[in-house]
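Trainee:
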Amino acid sequence: MEFGWSPEQTAHRENVRALLERELPADWDDIAVHGPGSDAQTAFSKIFCKKLADEGLLISHWPKEYGGNDMTVWDQFLMGEELWAAGEPRGPQYMNVNWIGPVLMRYGNEAQKAEYFPQIASGSVIWCQGFSEPSAGSDLASLRTKADKVEGGYLVNGAKIWTSYAGLATHCFLLARTASAGKGAIVILLLDMTSPGVQVKQIPALIGEGDIHEVFFTDVFVPAENLLGEEGQAWEIITFALQNERIGIPRYAFSRRMLDRAAEKLKADGRFENPVVRDRAGRALALCEAARLMVYRVVHQRATKAPQDAYGNLARWAIIQADHAVNDFMTEFMPEGLLGEDQMQIAHHQRAIAAGIASGAAEIQLNLAARRYLDLPSEPRRGL
Amino acid sequence: MDFDFSEDQAAILSGLEQLISSLNIEAPKDAVFSAYSQALDNELTEGGFLDITQQEGFGLLDGALIVERLARLPVSVEAAASVLIAPAFLEDTTRRPVAILQGKLTKPARFLPMAKTLLVDTDDDLLRIEIPEGAVEEVETLFAYPYGCLKNPKALSSVSLGAGQLAKFRRRWRIAIAVEAAGLMQSALDLVLEHVKTRQQFGRPIGSFQAIQHRLVMAAELGQAVRWLAFKAAWSDDEGDAAIAATFAQDSTPKFVTDLHQFCGAMGLTLEFPLHHWTYRLRALLGELGGSSGQAIAAADAVWGSKNV
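Below you can see the structure in the form of structure tokens.
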């Protein structure tokens, strides 16, 4: 057991920081303020991801056979940590490289790999995930969007909601069902968002512009070759995808950066000598560093190819606590930031209030950890 | 970054496990507030476990692994100060157990009834006091450590180790708090998990109720976070890491302890149920070095400095 970095890992982190220093424009904070799904950040992601691709860093953690460089699990994670702390200049494309690509590697056929990998590797496509529906949020298995089998493919009808990045997405990782009930009837379709019958409507939200949408599907034809995996395999694929997604966002890194920034501002304003302020800042700091180590423990499991348990669910809970603590600290001691004085504080606030909801509700994490980490007995199902 | 034990660490812990097994240590059957094991202390001393940090090739983290494991036992033994604090300040580390104190010499301290050395942070100096036989009066307490007070502090001679040592003394004390808390939290949680899986109400185990499950997961997360923060602080011996680990440990303790007792109902209020042997050590640690506010301010100061600019 030890908690240090190798010289190579330190050099890699420095390299990523230098790249950010070099490539982020002077008005980056203004671009990043509305979140990864905003028009401005999505547009910038296409410039930045191209640069990352040129540097060999966009999909460097992918295997060589798919155009990557077999970057280690740790190096990939350290890069993600630096990028998220900087406001995630990959915009929505972090999702492409973190889990869309790896899911396609595992479950996609050769034609799908040939079509999608070059697009992702060039940093020019935006994917959204068509999971949640008006009646199926945390209870994803009860989704209703239909995929009726027709000649040559599927005809999709239904609606998705709270879909991040859909406004500018070129593709959708879409969940729909071929029969009325059961997880086995769910299929995953790789949908071209320009298909006739797809309509996207932005939902005004507390979490920033362009971040969440409704997506309507009216007789949208999806060719059979766009089915991912086999019919009946969708739940296995979703479970694999979510494992990558749950700690894929090192939110604590941005929170820690904001906390460092808050401390400097409070010092400059002559308010940091107040021990109450330092007490609360210290507690928020402890939560950030706790989340970091909990997540590192999960990354270590991956790096050593140890069996995955529910530690990721536990780590998600830690991440949520850290995000909330930093947000609460700044809201209480720096309310002027939310009154228009500090766009980055507003941006952090908007990310933090979604921390317990996006990528699977906090309560679902607690349920999963109760059963799979603590081995607690299941709650009996009530009779009808 | 490696969360698994090295071969050396695994070997040390395996040896410690054998020692613990040979003593058949169980929770006290008598209704007692605390249980101190002199037999365990003797064996640990004999086996060289308490001077691990002074041995070639071993460091503070290896000592922390031992202290954490010992804290999981239902009996207490003075290890944290001897392993993690005293070697940095004492030439003669055989004069132990070691008690530690901050503030006035009349205050009660853990392990003082059996201590041979007392280290005192007087706010402007670090003092070493040798404790002669009969100099200590035991203090009755709910806390599950032996506590005592010096009967007549003025009659004892002290050696000044210098104000310059205080920062290091507090840093090591913070690491010791967090490491010990990690072990205590683990065993307390294990006991309560066993209880909620077997205790039936309304025809099913109480651990199957979501209201309880969620709070137990939160408790588990707190315990795990303390564990990694504590071990990282022991590895780095860094001012900020130490204060962060102690902040998290003390900040977590009230909700952790309250919830765990809550899930055991009236059973958890009795002395025959051994939960208090861990939770009332946690509660004792809660107030040390100024409590969670003291640590949080220390963490902020270590990371950002305390002065306005």
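Sequence order for the protein chains is A and B.
Residues 13 to 396 in the numbering used here are what the first sequence lists, from first letter to last.
Residues 360 to 668 in the numbering used here are what the second sequence lists, from first letter to last.
Glycine included, every Cβ here is placed at the ideal spot set by N, Cα and C.
Could you check what DSSP says for residue 160 of chain A in three-state terms: helix, strand or coil?
Mentor: Residue 160 of chain A falls in the strand class under three-state DSSP.
Trainee: Under a three-way DSSP split, which group does residue 325 of chain A fall into?
Mentor: If DSSP states are grouped into helix, strand and coil, residue 325 of chain A belongs with the helices.
Trainee: Check whether the segment 650-661 of chain B and the segment 614-628 of chain B touch, using three or more Cβ-Cβ pairs below 8 Å as the test.
Mentor: Segments in contact, no.
Trainee: If you measure from the beta carbon of residue 284 of chain A to each beta carbon in chain B, is any gap under 8 Å?
Mentor: Judged by the 8 Å Cβ criterion, residue 284 of chain A is in contact with chain B.
Trainee: Which of the residues in the segment 320-343 of chain A, read from start to end, lie with their CB under 7 Å from any CB of chain B?
Mentor: Taking 7 Å as the Cβ-Cβ cut-off against chain B, the residues of the segment 320-343 of chain A that qualify are 326, 329, 330.
Trainee: Does the segment 205-221 of chain A come close enough to the segment 45-58 of chain A to have 3 or more Cβ pairs within less than 8 Å?
Mentor: The segment 205-221 of chain A is in contact with the segment 45-58 of chain A.
Trainee: Please compile the residues from chain C whose C-beta is within a distance smaller than 7 Å of the C-beta of residue 591 of chain B.
Mentor: Among the protein chains in the structure shown, which are A and B, there is no chain C.
Trainee: Determine the direct distance from the alpha carbon of residue 457 of chain B to that of residue 375 of chain B, and round the result to whole angstroms.
Mentor: Approximately 21 Å between the Cα atoms of the pair.
Trainee: So residue 113 of chain A and residue 59 of chain A are in contact, right, with Cβ under 8 Å, and what is the actual spacing, rounded?
Mentor: At roughly 20 Å, the Cβ-Cβ gap does not stay under 8 Å, so residue 113 of chain A and residue 59 of chain A are not in contact.
Trainee: Keeping to the same chain, check which residues put their C-beta closer than 7 Å to that of residue 82 of chain A; ignore five residues upstream and five downstream.
Mentor: If we look at residue 82 of chain A and ignore the five residues flanking it on each side, its Cβ neighbours are 75, 76.
Trainee: Per the DSSP calculation, residue 187 of chain A is bridged to which residue(s)?
Mentor: Residue 187 of chain A pairs with A/200.
Trainee: Could you please tell me which residues of the segment 289-313 of chain A, in chain order, have their CB closer than 7 Å to any CB of chain B?
Mentor: Hits within the stretch, in order: 290, 291, 293, 294, 295, 297, 298, 301, 302, 305, 306, 308, 309, 312.
Trainee: When DSSP labels each residue in this structure, what does residue 130 of chain A get in the three-state scheme?
Mentor: DSSP places residue 130 of chain A in helix when its eight states are reduced to three.
Trainee: If we define contact as Cβ-Cβ less than 8 Å, is residue 573 of chain B a contact residue for chain A?
Mentor: True, the Cβ-Cβ gap to chain A drops below 8 Å.
Trainee: Within this structure, are the beta carbons of residue 290 of chain A and residue 85 of chain A separated by less than 8 Å?
Mentor: No, they are not a contact pair.
Trainee: So, is residue 146 of chain A buried or exposed, given that buried needs 16 or more other C-beta atoms within 10 angstroms?
Mentor: Classification for residue 146 of chain A: exposed.
Trainee: Below 8 Å, can you find three or more Cβ-Cβ pairs linking the segment 347-361 of chain A to the segment 532-545 of chain B?
Mentor: No, they do not touch.
Trainee: Please work out which residues of its chain come closer than 6 Å, Cβ to Cβ, to residue 16 of chain A, disregarding the five sequence neighbours upstream and downstream, and give them in chain order.
Mentor: Contacts found: none.
Trainee: Is it true that the CB of residue 509 of chain B sits closer than 8 Å to the CB of residue 526 of chain B?
Mentor: Contact flag unset, no.
Trainee: Identify whether residue 459 of chain B lies in helix, strand or coil by the three-state DSSP scheme.
Mentor: Residue 459 of chain B falls in the strand class under three-state DSSP.
Trainee: Would you be able to state if there are at least three C-beta pairs under 8 Å between the segment 425-440 of chain B and the segment 16-36 of chain A?
Mentor: As far as the Cβ criterion goes, the segment 16-36 of chain A does not touch the segment 425-440 of chain B, which means the pair count is below three.
Trainee: Which of the three DSSP states is assigned to residue 507 of chain B in this structure?
Mentor: Strand at residue 507 of chain B.
Trainee: Along chain A, in chain order, which residues have C-beta atoms closer than 7 Å to that of residue 588 of chain B?
Mentor: The contacting residues are 301, 302, 305.
Trainee: Residue 64 of chain A: which of A/119, A/133, A/41 sits nearest, CA to CA?
Mentor: The candidate whose alpha carbon is nearest that of residue 64 of chain A is A/133.
Trainee: Please state whether the Cβ-Cβ distance between residue 524 of chain B and residue 485 of chain B is less than 8 Å.
Mentor: A contact, by the Cβ cut-off of 8 Å.
Trainee: Does the pairing of the segment 305-325 of chain A with the segment 593-605 of chain B give three or more beta-carbon distances under 8 Å?
Mentor: They do not touch, by the three-pair rule.
Trainee: Starting from residue 314 of chain A, trace the alpha helix (DSSP H) in both directions and tell me its first and last residue.
Mentor: 287-315 is the extent of the alpha helix (DSSP H) around residue 314 of chain A.
Trainee: Taking buried to mean at least 16 other C-beta atoms within 10 Å of its own C-beta, is residue 476 of chain B buried or exposed?
Mentor: Residue 476 of chain B comes out buried.
Trainee: Is residue 61 of chain A helix, strand or coil by DSSP?
Mentor: Helix.
Trainee: Report the rounded CA-to-CA distance for residue 557 of chain B versus residue 549 of chain B, giving the unit in angstroms.
Mentor: When rounded, the distance between both Cα atoms is 13 Å.
Trainee: Which first and last residues belong to the beta strand (DSSP E) in which residue 235 of chain A is found?
Mentor: 224-235 is the span of the beta strand (DSSP E), which, as asked, contains residue 235 of chain A.
Trainee: Once the 5 residues before and after residue 383 of chain B are set aside, which same chain residues still bring their CB inside 6 Å of it?
Mentor: Closer than 6 Å at Cβ, skipping near neighbours: no residue.
Trainee: Mind checking whether residue 349 of chain B and residue 425 of chain B have CB atoms under 8 Å apart?
Mentor: It is not possible to answer for residue 349 of chain B, since the shown part of chain B is limited to 360 through 668.
Trainee: Please state if the CB of residue 644 of chain B and the CB of residue 536 of chain B are separated by a distance shorter than 8 Å.
Mentor: Yes, they are a contact pair.
Trainee: Taking its Cβ as the centre, do 16 or more other Cβ atoms sit within 10 Å of residue 129 of chain A, making it buried, or is it exposed?
Mentor: Residue 129 of chain A comes out buried.
Trainee: Which residues of chain A have a Cβ atom closer than 7 Å to the Cβ of residue 606 of chain B, listed in chain order?
Mentor: Under the 7 Å cutoff, chain A gives 294, 295, 298.
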